[in-house]
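Here's the structure, in structure tokens; my notes come after.
Protein chains: 2
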Amino acid sequence: MIYTCTMAPSVDYTTYLASFQVGGLNRANAVNYYPGGKGINVSRVLQQFNIPSTALGFVGGFTGKFITQKLQEEGIKTDFIQTKETTRINVKVKAEEATELNGPTPFISEKQQRELLKKISQFNKHDWLILAGSIPSTISSAFLEEIAKTCKQLGVRLIVDTSGQPLRQLMTTTPYFVKPNEHELGDLFNKKITSVDEAIYFGKQLVENGIQHVIVSLGAKGAIYLTDDCIAVADPVQGEVINTVGAGDSMVAAFIEQMTAEASKVDAFRYAVAAGSATAFSNDLCDRQLVEKLAQDVSVHIYTDRK
Amino acid sequence: MIYTCTMAPSVDYTTYLASFQVGGLNRANAVNYYPGGKGINVSRVLQQFNIPSTALGFVGGFTGKFITQKLQEEGIKTDFIQTKETTRINVKVKAEEATELNGPTPFISEKQQRELLKKISQFNKHDWLILAGSIPSTISSAFLEEIAKTCKQLGVRLIVDTSGQPLRQLMTTTPYFVKPNEHELGDLFNKKITSVDEAIYFGKQLVENGIQHVIVSLGAKGAIYLTDDCIAVADPVQGEVINTVGAGDSMVAAFIEQMTAEASKVDAFRYAVAAGSATAFSNDLCDRQLVEKLAQDVSVHIYTDRK
């Protein structure tokens with residue numbers, strides 16, 4: 001089974017207007033609402049590929065109910081822990097410039113952390129756990145380490161896609177697969193990464209530390225994939241970028257989909273790059289057809305030893 | 001029975017942050033959620049005075065459910081008609097400057113308009129209908145006139161608190177009570193009202209046209225009350241203005257409360273001014289205690305004939 005875990009989900013409320021005036025009363029021409037959060041995005045893209053997953057994490061209030069209901073309507077299983085707080089709304093204003101206004105992440109009590117850990121301790125060998133998105137500040141580093149330890153003991157494949165201190169923390173536990181972007185990778189080493197070669201250099205260090213699969217997304221520069229026996233570099237896919245929200249999550253989902261289908265690692269990477277691009281070229285997350293179309297165009301260069 | 005009707009309610013989502021950057025990712029320090037809309041505000045303030053009311057109007061989706069549930073939790077009856085569209089979220093950003101971002105008003109079909117009219121046609125003599133807040137553009141002027149005609153035939157006291165073309169339309173039907181602010185009153189006569197005397201001049205014309213009670217709220221200049229046998233002017237109440245949302249609605253609610261308690265018209269006006277001020281001095285809508293305290297300080301000057 002594949003489990004995704006989003007500790008601080010959101011209702012993503014996108015509003016479209018011609019012009020946005022600070023200090024004034026603005027009226028949106030159109031709006032839409034999506035269940036948001038990186039783990040949730042992974043579940044939604046997996047569902048596009050007809051791969052079942054269960055969404056875990058913490059939700060509360062009317063917005064939490066919306067997220068739960070929307071996922072279930074899409075056919076995704078949910079097993080959220082309820083918070084007292086109302087799940088945040090993240091507002092995305094699309095006007096001359098794109099502006100984001102995110103709500104506060106929830107308070108997660110010790111008891112609620114235990115509850116999540118209990119669920120994880122019941123996972124089976126070869127299950128997947130994708131821990132993705134921002135980690136609320138009330139979640140202790142000890143708790144994150146305990147999740148990683150539990151996964152290792154059970155043989156659960158842990159995938160980590162977060163940032164900041166929690167990413168740093170979780171990297172030391174050598175998860176199965178990580179997908180930092182160039183900034184997140186740079187943050188891990190207190191460096192600013194500006195080239196593909198630099199990304200390869202630091203990505204290799206993660207592999208040497210014991211992480212089995214590393215994808216580094218490089219935005220307009222493409223992506224790289226590193227494992228103990230190969231380095232692959234994908235050129236960027238040409239197309240009009242509409243929306244970068246969820247592009248990285250689509251890469252994670254597509255990579256898992258291919259791995260569970262026992263595709264080669266390099267094909268899984270190719271598919272991941274196609275899915276990331278497909279989402280970037282769409283209003284919402286990618287659909288399968290576009291991913292399959294783009295996968296044919298992804299150009300991947302493979303090196304067995306590149307410094 | 002007292003009915004309030006809000007055609008285009010909202011979830012009012014207030015976010016507090018130190019600084020708001022257009023084009024960036026902003027993180028709110030704190031947020032809150034209220035059921036919003038003028039008719040809904042009137043019901044909520046009436047409930048503060050322990051006066052039962054039923055909230056009518058149109059709601060849909062997860063935000064519509066939130067509004068319904070919140071009102072019911074506060075003890076207010078609801079009898080909303082369901083829309084296909086999700087009830088809008090109005091974002092209020094509190095930073096260096098206050099910025100508002102309102103969602104689109106709902107599409108109300110002919111059938112849904114009929115449904116509301118059917119409810120109104122079952123009201124009893126001496127019931128109150130407070131039609132307050134913005135009117136979606138899909139609502140026809142014929143429909144508004146039919147509401148007014150139905151109220152008149154049944155002996156239902158119609159109170160109107162809206163703006164623009166719908167207010168203009170409804171004024172011609174001589175409702176029982178109206179509460180324009182100085183701008184709305186000016187709009188009715190294509191004039192800019194700048195003084196208390198001008199407000200009195202135009203307010204009297206509404207009374208002469210057959211409207212029994214007219215309150216014109218003048219913000220920092222106080223308020224005036226006009227009826228066929230008196231003109232009353234209230235000085236502004238001193239205090240720190242925190243929030244002007246719902247101040248006018250609080251005036252309407254307090255006025256009705258006093259009228260149903262058979263207070264004198266002038267005392268009802270005094271109480272209305274106190275309630276408007278109490279809301280302006282509070283984070284949410286006023287509470288009864290503050291209204292009663294301020295009512296003692298409201299200074300009202302009465303004229304039987306002032307030009």
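Those protein sequences? They're chains A and B, same order as listed.
The opening residue of the first sequence carries number 1 in UniProt numbering; numbering runs sequentially from there.
The opening residue of the second sequence carries number 1 in UniProt numbering; numbering runs sequentially from there.
By construction, the Cβ of each residue, glycine as well, lies at the ideal position given by its N, Cα and C atoms.
Minimum Cβ-Cβ distance from residue i to chain A less than 8 Å
i                      : result
B/Leu71                : no
B/Ser245               : It should be pointed out that residue 245 of chain B corresponds to Val in this sequence rather than to Ser. No, its Cβ sits nowhere closer than 8 Å to a Cβ of chain A.
B/Ile159               : no
B/Leu241               : It is worth fixing the name first, because residue 241 of chain B is Val in this sequence and not Leu. No, because no Cβ of chain A sits closer than 8 Å to the Cβ of B/Val241.
B/Phe66                : yes
B/Val59                : no
residue 361 of chain B : Lying before the first or after the last residue shown, residue 361 of chain B is absent from chain B, which here runs from 1 to 307.
B/Ala30                : yes
B/Ile108               : no
B/Val300               : no
B/Val22                : yes
B/Phe123               : no
Rounded separation between residue i and residue j - CA only
i        : j        : result
B/Val237 : A/Lys118 : 58 Å
B/Ala274 : B/Gln258 : 12 Å
B/Glu115 : B/Gln82  : 10 Å
B/Gly75  : B/Ser53  : 9 Å
A/Asp79  : A/Gly57  : 8 Å
B/Leu185 : B/Phe177 : 13 Å
A/Lys307 : A/His213 : A caution first: A/Lys307 carries a pLDDT of 47, below 50, which makes its placement in the model unreliable, though a value can still be read off. If you take the alpha carbons of A/Lys307 and A/His213, they lie about 18 Å apart.
A/Glu85  : B/Gln112 : 34 Å
B/Cys286 : B/Val45  : 7 Å
B/Thr172 : B/Ala234 : 27 Å
B/Ala55  : B/Ala261 : 21 Å
B/Gln165 : B/Glu146 : 16 Å
B/Leu218 : B/Lys77  : 32 Å
A/Gly276 : B/Val42  : 49 Å
A/Gly24  : B/Asn243 : 15 Å
A/Pro180 : A/Asp161 : 7 Å
A/Ser163 : B/Ser163 : 48 Å
B/Lys152 : A/Glu73  : 46 Å
A/Thr14  : A/Phe202 : 36 Å
B/Val31  : A/Arg88  : 9 Å
Beta-carbon proximity of residue i to residue j, cut-off 8 Å
i                      : j        : result
residue 328 of chain B : B/Gln169 : The first residue shown for chain B is 1 and the last is 307, placing residue 328 of chain B beyond what the model contains.
residue 309 of chain A : B/Pro104 : Outside the shown range of chain A, which is 1 to 307, sits residue 309 of chain A, and nothing can be said about it.
residue 308 of chain A : A/Ala247 : A question about residue 308 of chain A goes unanswered here, because the residues of chain A that appear run from 1 up to 307.
residue 309 of chain A : A/Val196 : Here chain A comprises residues numbered 1 to 307, so residue 309 of chain A is not present and cannot be evaluated.
A/Pro136               : A/Met7   : yes
B/Ala280               : B/Phe255 : no
B/Ile108               : B/Thr138 : yes
B/Glu208               : A/Val22  : no
A/Leu154               : A/Leu167 : no
B/Ile193               : B/Glu182 : yes
B/Leu17                : B/Ile40  : no
A/Ala278               : A/Leu294 : yes
A/Asn124               : B/Asn102 : no
A/Ile130               : A/Ile159 : yes
B/Lys38                : B/Asp249 : yes
Supposed close pair residue i, residue j - CB separation, criterion 8 Å
i        : j        : result
B/Ile215 : B/Tyr225 : 5 Å
A/Ala148 : A/Pro175 : 7 Å
B/Ile67  : B/Val59  : 6 Å
A/Ala95  : A/Phe20  : 4 Å
Contacting residues, own chain, Cβ-Cβ under 6 Å from residue i (five flanking each side not counted)
i                      : result
A/Thr99                : Val93
residue 309 of chain B : Lying outside 1 to 307, the shown extent of chain B, residue 309 of chain B is not represented and no answer is given.
A/Val241               : Ala280
B/Leu206               : Val214
A/Ala263               : none
Short CB-CB distance (under 8 Å) between residue i and chain B
i                      : result
A/Leu25                : yes
A/Asn102               : yes
residue 308 of chain A : This structure gives no information on residue 308 of chain A, because the portion of chain A shown stretches from 1 to 307.
A/Val93                : yes
A/Glu97                : yes
A/Ile139               : no
A/Ala8                 : no
A/Ile89                : yes
Own chain residues within Cβ distance below 7 Å of residue i, not counting five before or after
i        : result
B/Gly36  : Pro9, Ser10, Val11, Asp12, Asn90
A/Arg288 : Gln48, Phe49
A/Asp297 : Val237
Neighbour flag for residue i against chain D, beta carbons, 8 Å
i       : result
B/Tyr13 : Protein chains A and B are contained in the structure displayed, whereas chain D is not.
Spatial neighbours of residue i in its chain, beta-carbon cut-off 8 Å, leaving aside the 5 residues before and after
i        : result
A/Val266 : Tyr225, Cys230, Ala232, Val300, Ile302
B/Lys204 : Leu226, Ile231
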